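J.: Please find one structure pasted underneath; my questions will follow.
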Amino acid sequence: MFNQPFLFMLLLLAIGFIAKNQSLMIAASILIVLIVIGIDHKIFDTLQAKGINWGVTVITIAVLAPIASGHIGFKKLGEVVKSPYAWIALAAGMAVAIIARYGVGLLSTDPHITTALVIGTILAVALFKGVPVGPLIGAGIAYIAMKVFELLKSGIG
């Protein structure tokens, strides 16, 4: 039971506790429980394969909730498009969605990059009170940075 993944999860739980990061503590605790009761091998493959899509769905539900509850309607939408900040937000939303698309592609073609992204996300969550929505956008940013690096390297060499 005290194998490397279990000890790693305990370390992450401790980091979450020290950093007072509830999301990290809950996630690590759930994974520890799954390991302890012995169903980790049955569930982890599904979580790895579908977890990001489930998470994106939950985030999308949270974003759409004000529309569904009536707090945001067509009148507010009409008012918002008159604001330059709304246009900036619109462009930013489109940009991150496009960047994340490249992230999904990178993670599927270069899975070893996932390790660095996960560690970066954990550090940001634990040390800087970040929100762990970063792997897809992080992978997208990494993809763009890699392409820029390749261009610079080929231009120099």
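The opening residue of the sequence shown carries number 43 in our numbering; numbering runs sequentially from there.
Glycine included, C-beta positions come from ideal geometry on N, C-alpha and C.
Quantities reported herein were computed from a predicted structural model and do not represent experimental measurements.
#1: Take every Cβ of the stretch 138–158, pair it with every Cβ of the stretch 181–189, and state whether three or more of those distances are shorter than 8 Å.
#2: Tell me whether the stretch 167–174 and the stretch 58–66 touch, counting them as touching only if at least three CB pairs, one residue from each stretch, are closer than 8 Å.
#3: Check the C-beta distance from G182 over to G145 and give it rounded, since I have them as a contact under 8 Å.
#4: F44 to L76, Cα distance in whole Å?
#5: Return the Cβ separation of M51 and L73 in integer angstroms, given the expectation that the two are a contact with Cβ distance under 8 Å.
#6: Enumerated in chain order, which unbroken segments of the beta strand (DSSP E) with a length of 3 residues or greater are wholly contained in the stretch 64–139?
#7: Mind checking whether I141 and I85 have CB atoms under 8 Å apart?
#8: Are the beta-carbon atoms belonging to A137 and L159 less than 8 Å from one another?
#9: Let me know if A70 comes out buried or exposed under the rule of 16 or more other beta-carbons within 10 Å of its beta-carbon.
#10: Would you kindly check if the distance between the Cβ of P177 and the Cβ of T157 is under 8 Å?
#11: Assuming L114 contacts P108 under a Cβ cut-off of 8 Å, what Cβ separation, rounded to an integer in Å, is found between them?
T.: Per the coordinate set shown:
#1: yes
#2: yes
#3: 3 Å
#4: 13 Å
#5: 5 Å
#6: none
#7: no
#8: no
#9: buried
#10: no
#11: One detail in the question is off: residue 114 reads as Ile in this sequence, not Leu. Their Cβ separation, rounded to whole angstroms, is 5 Å, which keeps I114 and P108 in contact under 8 Å.
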